[in-house]
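Q:
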Amino acid sequence: MELVVEEGPAGVTQAALIGRMDIEGAQAVEPSFSVLTRLRRTLVVDLSQVSFMASMGLRTLMVGARNQHELGGKLVLACPQPNVEKVLKESGIGEIIGVYPTVEAAAAAITA
Amino acid sequence: MRHRSVADDLSDVSGATAWVARQVAGADLAEDLRYNIEVCVEEALANLVEHARPLGDVKDIAVCVDADRDGATVVVTDRCVPFDSTRAPPPADSGARPVGGRGLRLMRAFSSELAYRTCDGRNELTMRFRSPA
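As structure tokens, then:
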């Protein structure tokens, strides 16, 4: 599991998660993701290269969103693959953390 | 049915889930169904490792799988204090949801059928996944 971070326009940080967000993947990326969510106030998490997501991965995202909220910031998700999107929807996470079809739409929503 | 023991450690849950994925690979099931199976197996095993208490010295967790082109059946067994996840209430639907607790929702949404029973100190969670007609 990888985390690739770049600074997008308008001060929005874009973080791409790459790989499987299963137990192993979530545990591998959690330390760096946690640090990121405590340092950046507006974060778009690009899920386009996440091939698998289950509750451990969801937990990592939720903790990140909570960290952002405590900073007065916001975390949103972008471009989930169909099966990952299904997990976000069925778990109800999508009702708490915004999910957008593109990184651009996510960035626009977060800065609106 | 093929059988694999699972260590009481999250590090073995990924391995066990991958083992189940390999067992069903030969059944030519749709990608969506195979995904659903992996999600449910990971949830069921992670729940046991993280939350279950053994009745005796060890949890004795195992997973069995059988698959054909009509679908798959996965049975997770253990010797822990029984917890019927098929009857546990789903997380409260409020704006302040807990960080965890979503695994049960996923298992119910992603399987065709869930059944739980306890017999002679051994619990069995049976998950069925049916291919679309």
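Just so you know, the protein sequences line up as chains A and B, in that order.
Quick note, the first sequence lines up with residues 368 to 479 if you use the numbering used here.
Quick note, the second sequence lines up with residues -2 to 130 if you use the numbering used here.
Note that beta-carbon positions come from the ideal geometry of N, C-alpha and C, so glycine has one too.
1. Which residues of chain A have a Cβ atom closer than 9 Å to the Cβ of residue 113(B), listed in chain order?
2. Name the two residues that bound the continuous beta strand (DSSP E) containing residue 400(A).
3. So which residues on chain A does residue 11(B) lean against when the C-beta distance must stay under 7 Å?
4. Thinking just about the alpha-carbon of each residue, which of 413(A), 470(A), 476(A) and 397(A) is nearest to the one in residue 385(A)?
5. Count Cβ pairs between the segment 96 to 116 of chain B and the segment 7 to 20 of chain B that sit closer than 8 Å; are there 3 or more?
6. Going along chain B in order, which residues have a C-beta closer than 7 Å to the C-beta of residue 402(A)?
7. For the segment 405 to 439 of chain A, which segments carrying the beta strand (DSSP E) assignment without a break, of at least 3 residues, lie completely within its bounds, in sequence order?
8. Quick one: what's got a C-beta closer than 6 Å to residue 61(B)'s C-beta in the same chain, skipping five residues either side?
9. Within its chain, find whatever has a CB closer than 6 Å to the CB of residue 63(B); leave out the 5 residues flanking it on each side and keep chain order.
10. To which residues does DSSP link residue 51(B) through a beta bridge?
11. If you measure from the beta carbon of residue 34(B) to each beta carbon in chain A, is any gap under 8 Å?
12. For residue 395(A), which residues in the same chain have their Cβ closer than 8 Å to its Cβ, ignoring the five residues on either side in sequence?
A: In short, the structure shows the following:
1. Within chain A, no residue comes near residue 113(B); the closest Cβ sits about 19 Å away, beyond 9 Å.
2. That residue, residue 400(A), is in no beta strand (DSSP E); its alpha helix (DSSP H) goes 390 to 406.
3. Within chain A, the C-beta atoms nearer than 7 Å to that of residue 11(B) come from 389, 390 and 391, in chain order.
4. Distances from the alpha-carbon of residue 385(A) to those of 413(A), 470(A), 476(A) and 397(A) put 413(A) closest.
5. The answer is no - the segment 7 to 20 of chain B does not touch the segment 96 to 116 of chain B, with fewer than three Cβ pairs under 8 Å.
6. The contacting residues do not exist; residue 402(A) stays about 18 Å from chain B at best.
7. If we require 3 residues or more, the beta strand (DSSP E) runs fully inside the segment 405 to 439 of chain A come out as 409 to 420.
8. If we look at residue 61(B) and ignore the five residues flanking it on each side, its Cβ neighbours are -2, 0 and 72.
9. Cβ neighbours of residue 63(B) within its own chain (closer than 6 Å, five residues either side excluded): -2 and 70.
10. Note: residue 51(B) sits in a beta bridge opposite 77(B).
11. Output row for residue 34(B): interface = no.
12. Contacts found: 368.
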